[in-house]
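Visitor: Just passing along the structure, written as structure tokens.
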Amino acid sequence: MQILSVVGSPLDATFSVRSSEAGEEVTLESRGPRRNTRYGPGLRTLLERLRALDAMLLDAYLDTRQTRRQGLTLDERRLSLPAGSSYPLRLAAADVDALAAALTASQAGIGQAAGARGGNVTRRMTMLVSAAGQPFPRPLEPVLAGEPLSGLLAPGAADEAAGAQPLPLDGPLETLVTRAARREQQMLRRQRLGSATDAPCDLCARAFPVHHLRAAHIKKRSLCTAAEKLDPNVVMIACIECDALFESGDLIVDADGTIRATHRNPATPDLEALINARAGKPCRAFSQSTSGYFSFHRDLQAQPAAEPAL
Ligand SMILES: [Zn+2]
171 MQILSVVGSP
181 LDATFSVRSS
191 EAGEEVTLES
201 RGPRRNTRYG
211 PGLRTLLERL
221 RALDAMLLDA
231 YLDTRQTRRQ
241 GLTLDERRLS
251 LPAGSSYPLR
261 LAAADVDALA
271 AALTASQAGI
281 GQAAGARGGN
291 VTRRMTMLVS
301 AAGQPFPRPL
311 EPVLAGEPLS
321 GLLAPGAADE
331 AAGAQPLPLD
341 GPLETLVTRA
351 ARREQQMLRR
361 QRLGSATDAP
371 CDLCARAFPV
381 HHLRAAHIKK
391 RSLCTAAEKL
401 DPNVVMIACI
411 ECDALFESGD
421 LIVDADGTIR
431 ATHRNPATPD
441 LEALINARAG
451 KPCRAFSQST
461 SGYFSFHRDL
471 QAQPAAEPAL
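Spelled out as structure tokens, the structure:
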């Protein structure tokens with residue numbers, strides 16, 4: 171399958187996904203004179219998307235006709251990680267550029283005669299991955315490819331489809347886009363809430379029936395990349411009040427996961443009371459995987475130009 175860039179344009183790089191007992195085998199095809207000429211950007215894009223899905227890189231190795239002919243063992247074909255890293259590597263904690271550079275650079279020496287110079291660093295390679303947190307969306311291949319509607323076929327699609335109306339393919343584009351966004355929201359919501367009938371709000375910790383809770387984007391959805399939109403960590407579960415207070419920037423979550431009041435907007439004593447009831451409490455959705463999104467939200471609120479309230 172061909173890889174699409176974050177803006178949805180096709181990259182000249184192809185890959186495939188195969189499920190095995192050990193995990194998901196993500197294979198990137200080799201670069202040739204006239205094929206897969208975007209091998210490097212393709213690899214980085216795949217790694218970014220795997221990171222957004224909170225994947226664990228269990229192993230990575232060359233997987234070429236030549237290495238098979240040479241009868242090299244898995245150990246001999248294994249690709250190196252950046253200094254200081256080892257398998258299994260949780261991609262959430264990895265620098266994708268450094269990782270891609272190490273994976274490609276280490277291809278040069280594999281299966282080469284001693285003393286040979288140079289060596290191809292854009293060869294067919296396989297990354298063995300598994301889900302570190304939430305299960306991977308299925309099928310995984312279109313999600314990694316960046317197919318725009320792939321999120322709709324992801325987790326819970328089967329039971330969701332039962333209640334979902336068919337997409338009006340002849341309808342206006344806006345309808346399609348809105349429906350796609352709504353389905354994506356439903357998918358994220360399901361990933362966070364599962365089959366629970368009630369759950370606590372990630373900000374105020376009060377419990378509500380799930381239909382009173384929202385999958386609230388920590389990083390504004392309109393500013394998310396395609397991969398981020400499908401990242402279960404991009405949303406938290408918020409009650410209606412907390413969703414509004416977070417969205418308006420009256421509340422932020424600081425770098426150690428504590429809820430803080432910004433006092434950036436005009437308030438009344440009643441609004442102040444809502445804000446103060448939450449300030450100083452820990453945010454239940456704060457983790458290593460969400461901290462980047464909370465930091466984005468903080469930075470956005472720190473900018474002077476506030477949208478006028480309606
Ligand atoms: Zn709340």
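Under my numbering, read the sequence shown as residues 171 to 480, first letter to last. Glycine residues also receive a C-beta, built at the ideal position from the N, C-alpha and C atoms. Values in this document were obtained by computation on a predicted structure and should not be read as measured data.
Whose beta carbon lies closer than 7 Å to any heavy atom of ligand 1, going through the chain in order?
Guide: Cys371, Leu373, Cys374, Arg376, Ala408, Cys409, Glu411 and Cys412
Visitor: Would you mind working out which of Cys371, Ile407, Cys394 and Ala397 sits nearest Arg359, comparing C-alpha positions?
Guide: Put simply, of Cys371, Ile407, Cys394 and Ala397 the residue whose alpha carbon is nearest the alpha carbon of Arg359 is Ile407.
Visitor: Using the Cβ count rule (16 or more neighbours within 10 Å means buried), how would you classify His433?
Guide: exposed
Visitor: Taking Leu400 as the reference, give the member of Phe185, Ala351 and Thr207 with the closest Cα.
Guide: Ala351
Visitor: Do the region 260 to 268 and the region 238 to 247 touch if we need at least three Cβ pairs shorter than 8 Å?
Guide: no
Visitor: Hey, Asn435 and Asp224: beta-carbon distance below 8 Å or not?
Guide: no
Visitor: May I ask you to verify whether the region 448 to 463 touches the region 368 to 377, counting CB pairs closer than 8 Å and requiring at least 3?
Guide: yes
Visitor: What distance in whole Å lies between the Cβ atoms of Ala270 and Leu249, which are believed to be in contact at a cut-off of 8 Å?
Guide: Not really, about 11 Å apart at Cβ, beyond 8 Å.
Visitor: Quick one: give me the first and last residue of the alpha helix (DSSP H) that Pro211 is part of.
Guide: Tyr209 to Ala222
Visitor: List the endpoints of the continuous beta strand (DSSP E) containing Arg384.
Guide: Leu383 to His387
Visitor: Could you give the distance in angstroms between the alpha-carbon of Thr207 and the alpha-carbon of Met297?
Guide: 19 Å
Visitor: Considering only their Cβ atoms, is the gap separating Met357 from Ala302 smaller than 8 Å?
Guide: no
Visitor: Is Arg221 near Ala183, with beta carbons less than 8 Å apart?
Guide: no
Visitor: What residue from Ala366, Tyr463 and Gln458 has the CA that sits closest to Leu393's CA?
Guide: Tyr463
Visitor: Per DSSP, which one or two residues make a beta bridge with Phe185?
Guide: Leu198.
Visitor: DSSP three-state call for Pro439: helix, strand or coil?
Guide: helix
Visitor: Using the beta-carbon count (16 or more within 10 Å), is Thr215 buried or exposed?
Guide: Buried, since its Cβ has 16 or more Cβ neighbours within 10 Å.
Visitor: Here's a check: name, in chain order, each residue in its chain whose Cβ is nearer than 8 Å to the Cβ of His382, leaving out the five neighbours to either side.
Guide: The residues are Cys409 and Ile410.
Visitor: State the CB to CB distance for the pair Val187 and Glu311, rounded to an integer number of angstroms; the pair is presumed to be in contact (CB under 8 Å).
Guide: 4 Å
Visitor: Keeping to the same chain, check which residues put their C-beta closer than 7 Å to that of Val380; ignore five residues upstream and five downstream.
Guide: If we look at Val380 and ignore the five residues flanking it on each side, its Cβ neighbours are Leu363, Ala366, Thr367, Asp368 and Ala369.
Visitor: If you reduce the DSSP assignment to three classes, tell me which class Ala331 lands in.
Guide: Confidence at Ala331 is low in this model, with a pLDDT of 38, below 50, so the placement of that residue is unreliable and no value is reported for it.
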